[in-house]
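Student:
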Ligand code: F6R
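In my numbering, the protein residues as written are 1052 to 1412.
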């Protein structure tokens, strides 16, 4: 069942190039965006994305895409807050519910709240027969295949892919994407499975870093732009399976409080592709190093060449076109969590106190 892997989580991390390829073949066949006609973003005033946990972080990344690629105002919320806040919703809006299981109680309640209030409800789910899929107007399967490990891995990257394709359709519908720009984005997405294979080959290097990370009491993750939600996801993955306290921060927030935590015992994992925000993130990283924080810089060749001085370690990923970097950078974050948990000897597939499907609130 684990196909030769020690844990489902390891198998599911390794499957990502293949399952992402399956999702790409489904949603971007030839030169077409394969989404239902009823998902027409042309006249929308707003998109609302609601989910829990890792699925919420997928929504948080997608907010950057819908805003930047489609110029579409986008609200995100965790389902447990959204459902009781009972927010006003513009009639000309879609509400999107992202859930691996499709059975998360809070997300389902949020969907039920939205049904009569928005033009269209959309489910982005792994389990196509689930309650959230059945009760939504449109259900989009993420095609990740069964996910057994409690820590979500391949579902996260497949959720991101489906949300990215939705953002491209929104960009086309709203006249924000020229055919050439669309073609460039599609091409970039199609490259991801190959780039993911390169990321997976970092596993031995990550295994060595994990020996040291497993000694830490607290670990910080920093990112800017769409790497900020990925910092949150990296911290969640690490804490849930290794039980090491971890927090993700927007790099620019560091000086507003968390920098007080930094000393030589605190590893700080910086997720920073060489993009337009790179220099800003590097200056935050230097503030960490000035206080003897142990920086692990995850970047590409250009980023590492220009900014690795003074860092504890680096991990080099291939270059990836700017908006879609989170889909690739998710993999080292997952591998860091996995190998750190292995070094600590925790139960990776069945972490304490957690359930795969949270059907009670
Ligand atoms: C973290 C994790 C959880 C789930 C959350 C939502 O690795 O797996 O945070 O993402 O419980 O679950 P679904 O996606 O089934 O609604």
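Heads up, the beta-carbon is just placed ideally off N, CA and C, and yes, glycines get one too.
Grab me the residues of residue 1141's own chain with a C-beta within less than 6 angstroms of its C-beta, minus the 5 sequence neighbours each way, in chain order.
Tutor: Correct list, in chain order: 1096, 1097.
Student: Less than 6 angstroms between the CB of residue 1362 and some heavy atom of the ligand F6R, yes or no?
Tutor: No, since every heavy atom of the ligand F6R falls outside the 6 angstroms radius drawn around the Cβ of residue 1362.
Student: I want to know whether the segment 1079 to 1090 touches the segment 1057 to 1066 - three or more CB-CB distances under 8 angstroms.
Tutor: No, the segment 1079 to 1090 does not touch the segment 1057 to 1066.
Student: In angstroms, rounded to a whole number, what distance separates the CA positions of residue 1193 and residue 1184?
Tutor: Those two C-alpha atoms are separated by around 11 angstroms.
Student: Candidates 1298, 1163, 1179, 1371: which alpha carbon is nearest residue 1172's?
Tutor: Ranking the options by Cα distance to residue 1172, first place goes to 1163.
Student: Looking at the unbroken beta strand (DSSP E) that takes in residue 1205, where does it start and where does it end?
Tutor: Looking at the DSSP string, residue 1205 is not in any beta strand (DSSP E); the run it does join, the alpha helix (DSSP H), is 1205 to 1224.
Student: What is the DSSP secondary structure of residue 1128, reduced to helix, strand or coil?
Tutor: Three-state DSSP puts residue 1128 in a strand.
Student: Using 8 angstroms as the threshold, is the segment 1231 to 1247 in touch with the segment 1130 to 1147, meaning 3 or more CB pairs across them?
Tutor: With a cut-off of 8 angstroms, the segment 1130 to 1147 and the segment 1231 to 1247 do not count as touching, because too few Cβ pairs lie within range.
Student: In or out: residue 1122 buried (at least 16 other Cβ within 10 Å) or exposed?
Tutor: Exposed is the call here.
Student: Which partner residues does residue 1349 have in the DSSP bridge list?
Tutor: BP columns for residue 1349 point to 1322, 1366.
Student: Reducing DSSP to helix, strand and coil, say where residue 1391 ends up.
Tutor: In this structure, residue 1391 counts as helix in the three-state DSSP scheme.
Student: By how many angstroms is the C-alpha of residue 1358 removed from the C-alpha of residue 1084?
Tutor: Answer to the nearest angstrom: the Cα atoms are 38 angstroms apart.
Student: Does the beta-carbon of residue 1404 have 16 or more other beta-carbons within 10 angstroms, so that it is buried, or is it exposed?
Tutor: It counts as exposed.
Student: For residue 1069, which of 1154, 1226, 1205 has the nearest alpha-carbon?
Tutor: If we check each option's Cα against that of residue 1069, 1205 comes out closest.
Student: Can we count residue 1150 as close to the ligand F6R, meaning its CB is less than 6 angstroms from some heavy atom?
Tutor: Yes, the ligand F6R has a heavy atom inside 6 angstroms of this Cβ.
Student: If you compare alpha carbons, which of 1334, 1277, 1293, 1325 is closest to residue 1306?
Tutor: Closest by alpha carbon: 1334.
Student: For chain D, is any of its Cβ atoms less than 7 angstroms away from the one on residue 1393?
Tutor: The structure shown has no chain D; it contains just one protein chain.
Student: What do you get for residue 1155, buried or exposed, if any count of 16 or more other CB atoms within 10 angstroms of its CB means buried?
Tutor: Residue 1155 comes out buried.
Student: Provide the residue(s) that pair with residue 1270 in DSSP beta bridges, ordered along the chain.
Tutor: According to DSSP, residue 1270 bridges with 1297.
Student: Among residues of its own chain, excluding the 5 on either side of residue 1394, which ones have a beta-carbon nearer than 6 angstroms to its beta-carbon?
Tutor: Contacts found: 1261, 1262, 1265.
Student: Would you call residue 1274 buried or exposed, if buried means 16 or more other Cβ atoms sit within 10 Å of its Cβ?
Tutor: With 16 or more Cβ atoms within 10 Å of its Cβ, residue 1274 is classed as buried.
Student: To which residues does DSSP link residue 1097 through a beta bridge?
Tutor: BP columns for residue 1097 point to 1144.
Student: Grab the span of the beta strand (DSSP E) containing residue 1191 for me, first residue to last.
Tutor: Here the beta strand (DSSP E) through residue 1191 covers 1189 to 1192.
Student: Roughly how many whole angstroms lie between the Cα atoms of residue 1167 and residue 1101?
Tutor: So the alpha carbons of these two residues sit roughly 16 angstroms apart.
Student: Quick check: residue 1269 and residue 1296, are their CB atoms within less than 7 angstroms of each other?
Tutor: For residue 1269 and residue 1296, yes; Cβs fall inside 7 angstroms.
Student: Report the three-state DSSP secondary structure of residue 1202 (helix, strand or coil).
Tutor: It is coil, neither helix nor strand.
Student: Between the alpha carbons of residue 1318 and residue 1094, how many angstroms are there, rounded?
Tutor: The straight-line gap from Cα to Cα measures roughly 46 angstroms.
Student: Please return the same chain residues whose Cβ sits closer than 8 angstroms to the Cβ of residue 1411, not counting the five positions on each side in sequence.
Tutor: Excluding positions up to five away in sequence, the list reads 1156.
Student: Within 10 angstroms of its Cβ, does residue 1169 collect 16 or more other Cβ (buried), or is it exposed?
Tutor: Buried, by the Cβ-count rule.
Student: Pick out whichever of 1159, 1218, 1322 has its Cα sitting closest to the Cα of residue 1365.
Tutor: Here the closest residue by C-alpha is 1322.
Student: Among 1382, 1251, 1240, 1385, whose alpha-carbon lies nearest the alpha-carbon of residue 1372?
Tutor: Nearest option by C-alpha distance: 1240.
Student: Between residue 1106 and the ligand F6R, is there a pair consisting of the residue's CB and a ligand heavy atom that are separated by less than 6 angstroms?
Tutor: Result yes, Cβ under 6 angstroms from the ligand F6R.
Student: Tell me the residue span of the beta strand (DSSP E) that contains residue 1173.
Tutor: Per DSSP, residue 1173 belongs to the beta strand (DSSP E) from 1171 to 1176.
Student: Have a look at residue 1126 and residue 1280 and give me their C-alpha separation to the nearest angstrom.
Tutor: Roughly 14 angstroms separates the two Cα atoms.
Student: Apply the 10 Å Cβ neighbour rule to residue 1326 and answer buried if 16 or more other Cβ atoms are within range, or exposed otherwise.
Tutor: Result: buried.
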